[in-house]
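Here's the structure, in structure tokens; my notes come after.
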Amino acid sequence: MDNKVVSFCKKNYYLLTALLMFLAYPNYNLVLLKAGAAAAWIAFVPLFVFVKDKKPVDVYLYTFVAGLAGNYLCYYWIGQFGGHVSYGPAVILLFLIPYRSMFLGVKVLFAETLSRRYGKLGIVIYPSAWILVDWIESIGFLAFPWSYLGYSQYAFLPFIQVASLTGILGISFIIVLANRSLADLWVRRKSSPSLKHLLRTGEMKVVSVVAALVFACIVYGSIVLLAAKEPQKSDLRVSTIQSCISPWENWGSNRFRYLAELERITTESLADNPDLIVWSESATLEGISYDYDSGSLNDFEKELLGFVRTIDRPLVTGEIGYIDDLEGFIPQRYPLNSAVYINRFGEVIGNYAKIHLVPFGEWFPYGKWFPFVSEITHQFGGSDFIPGDRPLLFEEKGHPFGILICYEGIFYRLCREYKNLGARFFINITNDGWTDSYSGHMQHFSASIFRSIENGVWYVRAGNTGFSTIIDPYGRIRSSMPILLKGHVTGDMDFSLNRNTFYSRWGDLVLYAAQVMLAVLVLHYIYGMAKIWKSRRNEG
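Residue numbers for the sequence shown follow the numbering used here, beginning at 60 and rising by one.
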């Protein structure tokens, strides 16, 4: 038995990548598990070494298999979205896990193919191809830029300060660069007669250069953090309310009970004397702004606005927005996943419609052609929202802010757009209550740290079940409360800490450089293949 286990491990050591992926990505908010982020720096070394001499089809297949195992360990919790339907988790995971693994296979196959043709450039081809595919995952209907490798380092503040220069893609680039350089060194080790010889190889020199780069990033970040001021004043004090509303209970029959709980916790938060109250995405699922504008407020909405007048504090909360339009000559009303801003007098100032809707969970634009897909998503509790079309700024006490709904916090270009419009802070309202997994909460939260650092602004996060936090422009958590616990958290924002970052001004220069380099190599590769095919045809 032992021999069989040893033999299996030798033949399938690439599966270590799956375990290391799980250890690397955020799971639980414990100091010990945060140290697992170190696994990201070697997570793909077993896989990269294993596929080094494999046929292209095998490169893809082995990577896909490693991806199936790794992605399941990392994202099994997403299946809980369909948990109230007997077959729900299976359907979701049977789609999501292969989908995520397909992208991983494309990354490695693309990178390996070009690396074999342009050997000396392989060390930069791998991370370039990686972030190119990451970028592709952030566009289109199925956009899901969730699993970026860089997010694994959210707690490593000295290192990730470089995101203010490169953005999240630059962090991922460096980590993949390290993985590839270590893989090359490991392969070279097999043919080196001694350690002394190995230390003199070109692969060792590359590892040394990469190590120096990482060290330089850490030094840079440490200097930035040492020079960063501590908050000295409160320009705006915010309280976020974590009410733990169940997403599976019927809203209509429970809404007044939910509202009473929100009012109770909010009243408790008034002891902190906040300037602004923030409720979560799922706190008030009514057409507040639409009914306010049309003069048709229902009893729930009247009580809500009355409560806001009573506490004499402005409120940001989730709502169901609506827009009216004509489909032919037939009037139609379309729902939106929105946030509404209510001033201290109980007046609706405006609302923002979520631009990046969750695929299948919040919308499926091809329902007319694939009605069975729409039927399945509805059984899981999915919605039929339509997306908003532009970011909007609101203002409190002269301080502009942008609202991000749910997983819009992982869309780095949207946040950069908000910053360049003039936002001094972001408010992210979300609902991760459909999963009781800490993994889901922490993975979602980890992106928030990067949005603050990239843009040099404050970040307020109000989750139905957490993770509710207030983060400063350097990614430092200033206030927070435990996940899956009812209550409130209050924090002060000192906008003198805000800064204009290189990234917010110039964007993803690392990505642009990678795109140019890969485009040149692909064109040269195609040109070379065309010459070979032409030569063979002439010989034939």
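The beta-carbon is built from N, C-alpha and C at its ideal position, and this holds for glycine as well. All values derive from a computational prediction rather than experimental measurement.
Cβ neighbours of residue i in the same chain (closer than 7 Å, five flanking residues each side left out)
{"i": "A573", "result": "S187, I190, L191"}
{"i": "G129", "result": "T76, A77, M80, F81"}
{"i": "I610", "result": "In the structure as shown, the chain starts at 60 and stops at 599, and residue 610 therefore has no counterpart that could be examined."}
{"i": "F359", "result": "R314, F315, L318, E345"}
{"i": "G515", "result": "S223, P532, N557, R558, N559, T560, S563"}
Delimiting residues of the alpha helix (DSSP H) encompassing residue i
{"i": "D294", "result": "That residue, D294, is in no alpha helix (DSSP H); it is neither H nor E in DSSP."}
{"i": "F561", "result": "561-565"}
{"i": "S539", "result": "No alpha helix (DSSP H) holds S539; the beta strand (DSSP E) holding it covers 536-539."}
{"i": "A521", "result": "Taken as a continuous stretch (DSSP letters only), A521 belongs to no alpha helix (DSSP H), being part of the beta strand (DSSP E) at 517-522."}
{"i": "C343", "result": "Position check: residue 343 holds Thr in this sequence, whereas Cys was assumed. No alpha helix (DSSP H) holds T343; DSSP gives it neither H nor E."}
{"i": "P459", "result": "First-last for P459: 458-464, but that is the beta strand (DSSP E), not the alpha helix (DSSP H)."}
{"i": "T172", "result": "147-176"}
{"i": "L120", "result": "115-134"}
{"i": "D358", "result": "358-370"}
{"i": "G181", "result": "181-195"}
Residue i burial status per 10 Å Cβ neighbour count (16 or more: buried)
{"i": "T225", "result": "buried"}
{"i": "M80", "result": "buried"}
{"i": "L258", "result": "exposed"}
{"i": "P333", "result": "buried"}
{"i": "E598", "result": "exposed"}
{"i": "N238", "result": "buried"}
{"i": "E454", "result": "exposed"}
{"i": "E171", "result": "buried"}
{"i": "R372", "result": "buried"}
{"i": "W493", "result": "buried"}
{"i": "W100", "result": "buried"}
{"i": "G261", "result": "exposed"}
{"i": "P148", "result": "buried"}
{"i": "Q326", "result": "Reading the sequence as shown, one finds Thr at residue 326 and not Gln. Classification of T326: exposed, given that the 10 Å Cβ count is below 16."}
{"i": "H500", "result": "buried"}
{"i": "C133", "result": "buried"}
{"i": "H256", "result": "exposed"}
Alpha-carbon spacing of residue i relative to residue j, whole angstroms
{"i": "F423", "j": "I151", "result": "15 Å"}
{"i": "H503", "j": "W205", "result": "8 Å"}
{"i": "L318", "j": "V569", "result": "47 Å"}
{"i": "F484", "j": "I508", "result": "13 Å"}
{"i": "Y84", "j": "D294", "result": "35 Å"}
{"i": "G380", "j": "V278", "result": "47 Å"}
{"i": "H415", "j": "P446", "result": "7 Å"}
{"i": "R392", "j": "G280", "result": "50 Å"}
{"i": "N357", "j": "W307", "result": "23 Å"}
{"i": "I219", "j": "I182", "result": "21 Å"}
{"i": "G138", "j": "L153", "result": "9 Å"}
{"i": "S505", "j": "L208", "result": "11 Å"}
{"i": "V269", "j": "W245", "result": "15 Å"}
{"i": "A589", "j": "S160", "result": "31 Å"}
{"i": "G481", "j": "F460", "result": "8 Å"}
{"i": "G440", "j": "G141", "result": "8 Å"}
{"i": "K70", "j": "K114", "result": "16 Å"}
{"i": "Y518", "j": "I536", "result": "9 Å"}
{"i": "G387", "j": "E476", "result": "35 Å"}
{"i": "W310", "j": "L582", "result": "55 Å"}
{"i": "A286", "j": "G525", "result": "31 Å"}
{"i": "S305", "j": "N523", "result": "9 Å"}
{"i": "L241", "j": "Y158", "result": "28 Å"}
Cβ-based neighbour list, residue i, same chain, cut-off 8 Å, excluding 5 preceding and 5 following
{"i": "S328", "result": "S298, I300, I336, H547, T549"}
{"i": "N396", "result": "E340, G377, I379, G380, A412, K413, L416, E421, S442, F444, I464, C465"}
{"i": "Q291", "result": "D553, S555"}
{"i": "D614", "result": "Beyond the ends of the chain as shown, which are 60 and 599, falls residue 614; an answer cannot be given."}
Whole-angstrom C-beta distance between residue j and residue i, which should lie under 8 Å
{"i": "Y119", "j": "L580", "result": "Incorrect: roughly 19 Å between the Cβ atoms, too far for contact."}
{"i": "Y533", "j": "L284", "result": "6 Å"}
{"i": "N490", "j": "S339", "result": "6 Å"}
{"i": "C474", "j": "E434", "result": "With 8 Å as the limit, C474 and E434 do not qualify as a contact, their Cβ atoms being about 35 Å apart."}
{"i": "C276", "j": "I233", "result": "7 Å"}
{"i": "L201", "j": "P390", "result": "Contact flag wrong, Cβ pair sits at about 31 Å."}
{"i": "S355", "j": "N410", "result": "Actually they do not touch by this definition, with Cβ atoms about 16 Å apart."}
Neighbourhood of residue i by C-beta distance below 6 Å, restricted to the same chain and skipping five residues each side
{"i": "Y131", "result": "I156"}
{"i": "N487", "result": "L463, G468, R520"}
{"i": "Y73", "result": "P105, L106, F109, Y121, A125"}
{"i": "D495", "result": "none"}
{"i": "F470", "result": "H415"}
{"i": "A98", "result": "L79, L82, A83"}
{"i": "F615", "result": "In the structure displayed, the chain extends from 60 to 599; residue 615 sits before or after that span and is not available."}
{"i": "S211", "result": "A83, Y84, A96, A99"}
First through last residue of the beta strand (DSSP E) which encompasses residue i
{"i": "Y400", "result": "389-401"}
{"i": "V375", "result": "374-386"}
{"i": "Y411", "result": "407-412"}
{"i": "D243", "result": "It is not in any beta strand (DSSP E) - D243 instead sits in the alpha helix (DSSP H) that spans 222-250."}
Residue i: CB within 8 Å of a non-hydrogen atom of the ligand COA
{"i": "E378", "result": "Annotation note on the ligand COA: not contained in the displayed structure, which lists no ligands."}
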